[in-house]
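With the working numbering, letter number 60 in the sequence shown gets 188, and the count goes up by one each step, no holes.
Backbone N, C-alpha and C define an ideal beta-carbon position, used for all residues, glycine too.
All remarks here apply to the structure that follows.
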Amino acid sequence: MPHQPLLVAGVEVTPLCDAVGPMGEAIRRPLAEMFPGAGLPEEPWILHFHCYLIRDRAGRLTLVDTGIGGVDSPASSWAPVPGALVRELAAAGADPADVSTVILTHLHSDHAGGAVADGRPLFENARYVLQNAELEAAAGAVRDQVIDVIKGQLHVVDGDAEVAPGLRVHLTPGHTPGHQIARAGELAMTGDLVLHPAQLADPAVRYLYDDDQERAAATRAEVLASLRAEGGALLATCHFEDPFVRL
Ligand SMILES: [Zn+2]
Ligand SMILES: [Zn+2]
Numbered sequence: 129m130p131h132q133p134l135l136v137a138g139v140e141v142t143p144l145c146d147a148v149g150p151m152g153e154a155i156r157r158p159l160a161e162m163f164p165g166a167g168l169p170e171e172p173w174i175l176h177f178h179c180y181l182i183r184d185r186a187g188r189l190t191l192v193d194t195g196i197g198g199v200d201s202p203a204s205s206w207a208p209v210p211g212a213l214v215r216e217l218a219a220a221g222a223d224p225a226d227v228s229t230v231i232l233t234h235l236h237s238d239h240a241g242g243a244v245a246d247g248r249p250l251f252e253n254a255r256y257v258l259q260n261a262e263l264e265a266a267a268g269a270v271r272d273q274v275i276d277v278i279k280g281q282l283h284v285v286d287g288d289a290e291v292a293p294g295l296r297v298h299l300t301p302g303h304t305p306g307h308q309i310a311r312a313g314e315l316a317m318t319g320d321l322v323l324h325p326a327q328l329a330d331p332a333v334r335y336l337y338d339d340d341q342e343r344a345a346a347t348r349a350e351v352l353a354s355l356r357a358e359g360g361a362l363l364a365t366c367h368f369e370d371p372f373v374r375l
């Protein structure tokens, strides 16, 4: 079931819980290895996989990230279970055809896999917003099974951009070359800018699967400092147990 929606900045934000579970065995590591130096235990990391549905005052629907996808998704080799996005959308009263904008924070398969279903774009009437640097770095199964399928609906941006009324994206590279976060007022939907609450206390804590750990840490520190300087944002994170956390 979706987590509780919140009203923020004049929009309704519903966290869709696409999946909960550990990564598959091939890439699974204890928390202590995933986040070296953070003092976390040698225990499995049980992740939530969240996407965020935004309904604005005019009834327009925007989805931030699309989760794992179905049994044939590029994420199926390592994700705990197939994604429940379509069921979650229905429980939130939304049909994929009604979504007008899909923001892909980045092209990891647990964020972009759900953009397609049965070899077709799942969100047939949506623009898929992606950073140019992320598109240029696309490779492997995500390029072949996701990007090639949605390419006619891609809305490629470069850096900061307003992608729907009151909704902006910002380039935040490091986790991937063209990672982006989305903002609606004080709400920051942070993709994989932060993966574990330990990184809020110390943004220098590295994540094993950041593409560029050095750059990711620098970007994380910069973005969190800037959000705190605004007076504190409400973060919507993909993999924390709590879908919202006040900075
Ligand atoms: Zn959840
Ligand atoms: Zn990622």
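The beta carbons of Pro-293 and His-131 sit about 25 Å from each other, so the pair does not count as a contact at 8 Å. Within the DSSP secondary-structure output, His-298 pairs in a beta bridge with Ile-309. In terms of side-chain proximity, the C-beta atom of Val-333 is found no nearer than 7 Å to any non-hydrogen atom of ligand 1. With 16 or more neighbouring CB atoms inside 10 Å of its own CB, Val-333 falls in the buried class. Taking 8 Å as the cut-off, the beta carbon of Asp-146 is found closer than this to the beta carbon of Gly-211.
For the pair Ala-312 and Gly-359, the Cα-to-Cα distance works out to about 15 Å.
In this structure, ligand 1 has a non-hydrogen atom nearer than 7 Å to the beta-carbon of Cys-145.
The alpha-carbon of Asp-238 is positioned some 21 Å away from that of Gly-280.
Counting only runs of 3 or more residues that sit fully inside the region 151-212, the beta strand (DSSP E) segments are 175-183, 189-192, in chain order. The set of residues whose C-beta lies within less than 5 Å of a heavy atom of ligand 2 reads, in chain order, His-236, Asp-320. Setting aside the 5 residues that flank it on each side, Ala-265 is surrounded in the same chain by Leu-235, Thr-304, Pro-305, Gly-306, each with a C-beta closer than 8 Å to its C-beta; the list follows chain order. Secondary structure within the region 221-307: the alpha helix (DSSP H) runs of 4 or more consecutive residues, fully enclosed, are 237-240, 260-264 (chain order). Secondary structure of Ala-361 (DSSP, three-state): coil. Contact between Val-139 and Ile-182 is confirmed by a C-beta separation of about 5 Å, below the 8 Å threshold. Counting the other Cβ atoms within 10 Å of the Cβ of Ile-155 gives fewer than 16, which makes it exposed.
Between the region 360-368 and the region 316-334, the count of Cβ pairs shorter than 8 Å is three or higher; the stretches touch. Residue pairing by DSSP places Pro-143 opposite Tyr-180 in a beta bridge. A heavy atom of ligand 1 is found nearer than 7 Å to the CB of Pro-371. The residues Cys-179, Thr-233, His-239, in chain order, have a CB closer than 6 Å to that of Asp-193 in the same chain once the five nearest residues on each side in sequence are set aside. Remark: C-beta atoms of Ala-222 and Leu-189 approach each other more closely than 8 Å.
Cβ atoms of Met-129 and Ala-219 come within 8 Å of each other, at about 6 Å.
Under the DSSP definition of a beta bridge, Ala-332 lacks any partner.
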